[in-house]
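Only one structure is covered here, and it is reproduced in the block below.
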Amino acid sequence: MDKKDYSLYKLLEEYRVCIPVIQRDYIQGLEEENIMSTRQRMIEDIKVSLQSRKRLSLNIVYGLHEDESTTFYPVDGQQRLTFLYLLHWYLALRSTEGEFERFCELKPFFYETRNYANEFFSFLRDKENKEKWLNIFKSSDRHKLTLLERVKMKSWFKSQWLTDTTVISIINVFGDFVDNPRTKIDVSKVEEYYEQLKTSTVICFDFLSESVRDAENTASTNYIRLNARGKQLDDFENVKAILSMLENKIGKEDIDSQDFVSQYDQKYIDIFYKECSEEKSLEEKTKKINGKTLRLLMNTYTLLWSIRGETKYENATFHDYYSTIYTKSQKDEISKFWIEYFEFLNILLTTIAGDDGIKKRITLFWEQIYEPKTKDSDNLVSSLLYVYYYYKSQQQYANINNIEQLDYVLLNLKYKEWKQVGFRTIELLAQYSAEYLDVFEFFAQEKPDRVIAKLKVHKDNGEINELYDIKVRFKEQCIKANIICRLKEDYTLFESLEKKSGIRKIQYLLSISDMWVNEITQTKIDVLLRYMEVAEWFLYNKTEQLLWKKLFAVASYWDVNNNCLLTKDMINQQISAKNASGKRNIHYWNDEHYFINDDIERKNKEDHKLREEKHTLIKSVYDIWIAYGLSDEQQRKVWLKNQFADSAYEACWLKYAVDRNRPELLDNTVSYDEVQGKVYIDIKHNYRYHKWDEKDKWRYNFFSTVYMFDFLENQPEYKHNMYDSSVWDYYGRPFSATSIENGVQFYSNLKIINQFGLRLLWGEDKQKDLSYQFGEQTGIVRGVFGCMHSIDFPYEPNSSITVTHKEVVITEFIHENQYKQHLYNLDNSREMSDIKNKIQDFDVKVDGYKNIEDADLAIWDRRSYTYNYEEVFRHKYKGSSITQIKKESFVDLETIQFIKCTHLLK
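Under my numbering, residues 1 to 906 are what the sequence shown spells out, in order.
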């Protein structure tokens, strides 16, 4: 249908005019300078046209209708049609009796974009309201207030209307008709003007309407396409319009408090306005505000769908979101998801509006497009869910303190390592904990097993099944929360120790306070608080780690019944005896012993028994520390000295392990040989030449080890436990010191002390140019010659061996801490003289060679290689010697000596 010179009056005689939901607000009445100027020029043009009766065309009004339908859906021309309707309404109102009533009986003109806009248009068309408007318009000359200010004062004017842009624009247009000297319509001309509008086409437009199926939806689609080219309508305005229609279909009884769209215009927009306060131009502010809001709307949609496990778009675009909400808005039935969607938005934004702390935490949710992730690394999702469920349960809004408490708990639950597959576990935690005033009250009131069951913390939960101690952490959180609530303490009561542990756990303290398995009592809490003071000293404290190991070792051999150390013999016997967990060396400490994991508590009986044993000993250390005031250093020294004061402990290995500041004495396996009556320690070394797999090869006399450490402390220039050297590689490429030889190369100021025997090496190498004859040609080749001689000294597990100033000393422990020494003088020995002669003979032989053939292969192992285009002949001397020195060759030193306490217990 294409009709020229169509008037609005004629259009309303034939069609209901429905502005589709997709279209923006009526904005011609806004008080922005450029809009005001355009509006006033249009009123002036219309007045001139009506006065002169000269035709004024407002161009094309295009839209759609359905066959046999009287509803017209404008696609292009909304703003012009709205203005013409307001002009007709005003002139009819102020014309002769009956005109307004007849105008109101024409087919209606209405907006689908807002409830309040629709409501206001209905109010305009209501004949009963005629006098209300006339009284306001007629009083304009007696007031200095604007029309909008006067209207707002009326009892019949609803405050909600002030939040609707369309309503404000309408009233401002009326204000131009009655108050603005430039655009004011002369009351004496009203009837004349209105008559022309009714009966002529002096103010007209070209009317184009297509007949299509589903005209309303098609009009909306065409409108989008039209504005996508011209960018006349902001994406956000389109979305807001559709959301308004969605809310209308849901019904207010299902919406938490008021509609989201209306609340946005009233208060939510202020949240974003403050963030854009630095923008100078209104256009830029609006653009940024709308962008932030649009991202919030899209992100909320993506988040809720991902939680429901039905995410269609992992990286949803605006088109994805827009298509979804538009499609849903066209359906008669709206799913529960959209009820939750609007409820979520209302709760979230109302919470933010009242708490700047939460706003700062959640800002990220509208600063960028949210993408579903496998980890909630910034705690954004957890905060959003908790805010939502908190209001639903408490009917009051969460505050930043609630969120900070939740963050604290999640830190202890290793939340950053949860593998999110739909945020089901954190949603359950947020949902159930929000039923209480704070998350700590939830954990305090609920039993650990009940919490674990509610949150579905089990092996089939793919979000947390890779965390080996998650159940233990939940249980610990319940107990700690219970204690905090009982004491009415701040939720950070345990924070210092949680941090010190490095893994945010203090489970062992709850265990030694008898609250891990059994009930919580005030007496036990008092004990825990005292234990916490001790834990501040020792828990993962590297500075005090050795002191802790010493005290733990003392507690391991403590006679609880008699409140003293066990006897020396009992201590020796117990180091090799298996305890209840099947382990030896009960005194051995590893920081892993502090804590348990899920398997240890529920499945691994051996490890569980071991932890129980270690925890019992921790408790013993803590009790001793508190009872004897060992935090005082002097008191601690006196107490330790007193424990070993009896002469019976003079040869007790534990006494020397406590006295020396050598962690190796407590970190390595100690054993007792009942037959020999000796204590041994297993200390492995980095022996490059070969690896000794047999355990006995590393077994070494405990007191001899103490002697070695003392020796090194007094003479730090000595090296210890050297067993191999880098020597010349006669067969490698190139010829260099890259081969590892079993033994230590001897030199005049060599100083070493070894535990596991000794081999000394004497090597010599020479390079010489040798001639060769090949046919009639002669040439020169490089010859490399080398020899190696060694002396082996005996190894005994009860001895150490020292090399210094060409002397070798064996220090042999003959009984407990008693030792005697044996001396071997290298410089005057037959073996040393023999090696010197062999090296001298080597030098003479090589120096005498002129030709390659001179090197007698009977005494040389020869190999040749080409290296850097040069042929090299390498020779290793077959006459190298290996000499074994027996203990009988050493001179015994008669004096028997003792090692004594030199440090803590001296």
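Glycine is no exception: its CB is placed at the ideal position from the N, C-alpha and C atoms.
For this session: Go ahead and label R213 buried or exposed: buried means 16 or more other beta carbons lie within 10 angstroms of its beta carbon, across all protein chains shown.
Result: exposed
Problem set entry | Strand pairing of S209, partner residues [DSSP] | Paired residue(s): G63.
Problem set entry | Span of the alpha helix (DSSP H) around P74 | Counting along the chain, P74 falls outside any alpha helix (DSSP H), though it belongs to the beta strand (DSSP E) covering 71-76.
For this session: Just list the beta strand (DSSP E) runs in the segment 711-755, keeping only unbroken ones of 3 residues or longer that don't cross its boundaries, in chain order.
Result: 724-727, 739-742, 752-754
Problem set entry | Spatial distance of W305 from Y26 (CA atoms) | 34 Å
For this session: Given a cut-off of 7 Å, decide if I512 and H907 are closer than it, judged by their beta-carbon atoms.
Result: Because the chain in this structure spans residues 1 to 906, residue 907 falls outside the shown range and cannot be described.
Exercise. Going by DSSP, what residues sit across from W762 in a beta bridge?
Worked result: For W762, the beta-bridge partners assigned by DSSP are H789.
Problem set entry | Sub-7 Å separation of A555 and L630 beta-carbons | Contact flag unset, no.
For this session: Whole angstroms is fine: what's the gap from Y322's alpha carbon to L12's?
Result: Distance between Y322 and L12, taken at the CA atoms: about 32 Å.
Exercise. Are there three or more Cβ pairs, one per stretch, closer than 8 Å when the segment 378-390 is compared with the segment 334-350?
Worked result: yes
Problem set entry | Nearest residue (CA-CA) to K10, options W728, E853, Y85 | Considering only alpha carbons, the answer is Y85.
Problem set entry | Segment limits, beta strand (DSSP E) that includes T811 | 807-815
Problem set entry | Coarse secondary structure for C18, derived from DSSP in three states | Under the three-state reduction of DSSP output, C18 falls in the strand class.
Exercise. Between R530 and L410, what straight-line distance do the alpha-carbon atoms span, to the nearest angstrom?
Worked result: 27 Å
Problem set entry | DSSP-derived helix/strand/coil call for D469 | coil
Exercise. Do the CB positions of I452 and K471 come within less than 7 Å of each other?
Worked result: yes
Exercise. Name the DSSP bridge partner or partners of L893?
Worked result: Under DSSP, L893 shares a beta bridge with no residue.
Exercise. Start and end of the alpha helix (DSSP H) containing F440?
Worked result: 439-445
Exercise. So which of E592, Y557, N563, H65 has the shortest CA-CA distance to N579?
Worked result: Y557
For this session: Give the DSSP-derived three-state secondary structure of C901 in the structure shown.
Result: coil
Exercise. Sorted by chain position, which residues of the same chain lie with C-beta nearer than 6 Å to S881's C-beta, five sequence neighbours on each side aside?
Worked result: H789
Problem set entry | Distance, E195 Cα to E210 Cα | 30 Å
Exercise. Nearest to K549 by alpha carbon, out of A648, L566, Y588, F774?
Worked result: Y588
Problem set entry | Contact under 7 Å by Cβ, D559 with L566 | yes
For this session: Using the Cα positions of V621 and Y700, report the straight-line distance between them to the nearest angstrom.
Result: 29 Å
Exercise. Which first and last residues belong to the beta strand (DSSP E) in which W537 is found?
Worked result: Run containing W537: none in the beta strand (DSSP E); it sits in the alpha helix (DSSP H), 522-538.
Exercise. Whose C-beta lies closer than 6 Å to the C-beta of K887 among residues of the same chain, with five residues either side of it excluded?
Worked result: P794
For this session: List the DSSP bridge partners of R182.
Result: Residue pairing of R182 in beta bridges, as defined by DSSP: absent, with no partner found.
Problem set entry | Exposure label - T82; buried when at least 16 CB within 10 Å | buried
For this session: Would you be able to state if there are at least three C-beta pairs under 8 Å between the segment 659-677 and the segment 768-787?
Result: no
For this session: Return helix, strand or coil for R361, following the three-state DSSP convention.
Result: helix
For this session: Name the one or two DSSP bridge partners that C485 has.
Result: In DSSP, C485 forms no bridge with anything.
Problem set entry | Same chain, Cβ closer than 6 Å to F100, neighbours up to 5 away in sequence not counted | Annotation for F100: A92, L93, K130 place their beta carbon closer than 6 Å to its own, counting only its chain and skipping 5 residues before and after.
Exercise. Going by DSSP, what residues sit across from D682 in a beta bridge?
Worked result: R699
Problem set entry | Limits of the alpha helix (DSSP H) - the one that R424 falls within | Annotation: the continuous alpha helix (DSSP H) that includes R424 extends over 424-433.
Problem set entry | Q507 versus H593: straight-line alpha-carbon distance, rounded | 11 Å
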